[in-house]
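*Asks:*
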Amino acid sequence: MKKKHKIFLIGLLIVAVIFLSGMLILQRVTYHPSVQALQAAASQQMYHVDETPEVVYFEPIKPVSDTAILFYQGALVEEKSYSIWASKLAENGHSVFLIRHPLNLAVLAADKAQKVLDEYDIGSYVIGGHSLGGVMASRFAHAQMENPLKAPVLKGVFFLASYPDEKGSLQNSSLPVLSVTGSNDGVLNQETYQKNKVFLPQKTVYYVIEGGNHAGFGSYGAQKGDSSPDITNNRQQEAVFTTLQNWLDTLPE
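Those letters in the sequence shown? Residues 859 to 1111, per our numbering, in order.
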């Protein structure tokens, strides 16, 4: 009995060591928000920031629309890394929800947006994501399209250096869709991006940020495999904000 107990404890110790080692490795490869992004993630004169285990919520002091913006982060990127453009949208009266995922991987909880829709008073919404987050956001949108009268109403989908796959196909949707890429993106698989345009509506709006790269859609420093940008991160953040704002202005009431 004592021998079995000893073997059990040794096995438990090995599992604990493997788990802790994995967490340390994951922490090392995770992309963390810049100082500027962390500053933007704090409440300011024009917006209030509320944090829960599920979301970082940018609530505008003077809302101009009841259409909320739900966002899924790129793989291994902390959600606050997108706080700069999110805060700019909040300053302009839009509610923005940067949704948190287990281990910063949207693929582990593609339907996480539903918790936000259930817990907050949202009249309508758009959903989007960066890189892998965009793929998962489109899958969520695809599922919602099966029940178009379900409240709150989905009003659009946007992709930042991303695309839908077959499971998230929006091909037959009448929803407004925006696809934004950077000309210097070294991470986005261009072949797959072009091929998967078949899963987008014909009226999809495409926009290229000249000089922008993959990591520049957030603010978390350089990303492995990415190309160098020809513009500053501040300029790309401004471009992301402006592009999203202009698209939001075109959405039907």
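Even glycine gets a Cβ: it sits at the ideal position worked out from N, Cα and C.
Quick caveat, the model's predicted, so the values are computed rather than measured.
Do you know offhand how far ALA1097's Cα is from ILE1067's?
*Replies:* ALA1097 and ILE1067: Cα-Cα distance of roughly 7 Å.
*Asks:* In angstroms with no decimal places, state the Cα-to-Cα distance between VAL1045 and ALA995.
*Replies:* Whole-angstrom Cα-Cα distance: 19 Å.
*Asks:* Going by beta carbon distance, what residues of the same chain come within less than 6 Å of LEU1106, once the five residues before and after it are set aside?
*Replies:* Counting only Cβ-Cβ distances below 6 Å, and skipping sequence neighbours, we find nothing.
*Asks:* Using alpha carbons as the reference points, say which of LEU934, GLY1076, PHE916 lies closest to LEU966.
*Replies:* Taking only the C-alpha atoms, the option nearest LEU966 is LEU934.
*Asks:* In chain order, what residues of the same chain have a beta carbon less than 6 Å from the beta carbon of ASN1091, not counting five sequence neighbours either side?
*Replies:* Around ASN1091: GLY1074, SER1077.
*Asks:* Between which two residues does the alpha helix (DSSP H) holding LEU1106 run?
*Replies:* It spans 1091–1108 - the alpha helix (DSSP H) in which LEU1106 sits, taken as one unbroken run.
*Asks:* Can you give the beta carbon distance from SER1020 to GLY987, rounded, assuming they're within the 8 Å contact cut?
*Replies:* Indeed, because the Cβ distance is near 6 Å, the residues count as touching under 8 Å.
*Asks:* Along the beta strand (DSSP E) that carries SER941, what are the first and last residues, could you check?
*Replies:* Run containing SER941: none in the beta strand (DSSP E); it sits in the alpha helix (DSSP H), 941–949.
*Asks:* If you reduce the DSSP assignment to three classes, tell me which class SER879 lands in.
*Replies:* Low local confidence applies: a pLDDT of 41 at SER879 is under 50, so the model's placement there is unreliable, and no value is given.
*Asks:* What three-state label does DSSP hand ASP908 in the structure shown?
*Replies:* In the structure shown, ASP908 sits in a strand (DSSP, three-state: E or B).
*Asks:* With H, G and I counted as helix, E and B as strand and the rest as coil, what does DSSP make of ALA1009?
*Replies:* Residue state, collapsed to three classes: coil.
*Asks:* Looking at C-alpha atoms only, which residue of LEU1012, ALA964, GLU949, PHE955 is the closest neighbour of LEU1109?
*Replies:* Closest option to LEU1109, Cα to Cα, is LEU1012.
*Asks:* Mind checking who VAL954 pairs with in its DSSP beta bridge?
*Replies:* Bridge partners of VAL954: PHE916, ILE927.
*Asks:* Using the beta-carbon count (16 or more within 10 Å), is ALA971 buried or exposed?
*Replies:* When all chains shown are included, ALA971 counts as buried.
*Asks:* Here's the rule I'm using: 16 or more other beta-carbon atoms within 10 Å means buried, otherwise exposed. How should LYS1025 be labelled?
*Replies:* Result: exposed.
*Asks:* Use the C-beta contact count for THR1101: other C-beta atoms within 10 angstroms, 16 or more gives buried, fewer gives exposed.
*Replies:* THR1101 is buried by the Cβ-count criterion.
*Asks:* For VAL984, does the count of other Cβ atoms within 10 angstroms reach 16, so buried, or fall short, so exposed?
*Replies:* Answer is buried; the Cβ neighbour count reaches 16.
*Asks:* Might you give, ordered along the chain, the residues of its own chain that have their beta carbon closer than 6 Å to the beta carbon of MET881, omitting 5 neighbours on each side?
*Replies:* Because MET881 carries a pLDDT of 45, less than 50, the predicted location of this residue cannot be relied on, and no value is offered for it.
*Asks:* Is the separation between the beta-carbon of SER1085 and that of ASN1030 shorter than 8 Å?
*Replies:* No, the Cβ-Cβ distance between SER1085 and ASN1030 is not below 8 Å.
*Asks:* Span of the beta strand (DSSP E) holding GLY987?
*Replies:* Run containing GLY987: 982–988, per the beta strand (DSSP E) assignment.
*Asks:* Is the distance from the Cβ of LEU956 to the Cβ of VAL1015 below 8 Å?
*Replies:* In this structure, VAL1015 does not lie closer than 8 Å to LEU956 by Cβ.
*Asks:* Under 8 Å between C-beta atoms, does GLU936 make it to chain C?
*Replies:* This model lacks chain C altogether; it includes just one protein chain.
*Asks:* If contacts are defined as beta-carbon pairs under 8 Å, then GLN931 and ALA964 qualify, I think. What distance do you get, rounded to the angstrom?
*Replies:* About 7 Å separates the two Cβ atoms, so the contact holds.
*Asks:* Hey, could you find the ends of the beta strand (DSSP E) THR1118 is sitting in?
*Replies:* Absent from the model: residue 1118. The displayed extent of the chain is 859 to 1111, so no value can be given.
*Asks:* Figure out for me which residue from LEU961, PRO918, VAL974, THR1050 has the closest Cα to the Cα of ALA944.
*Replies:* With distances taken between Cα atoms, ALA944 lies closest to PRO918.
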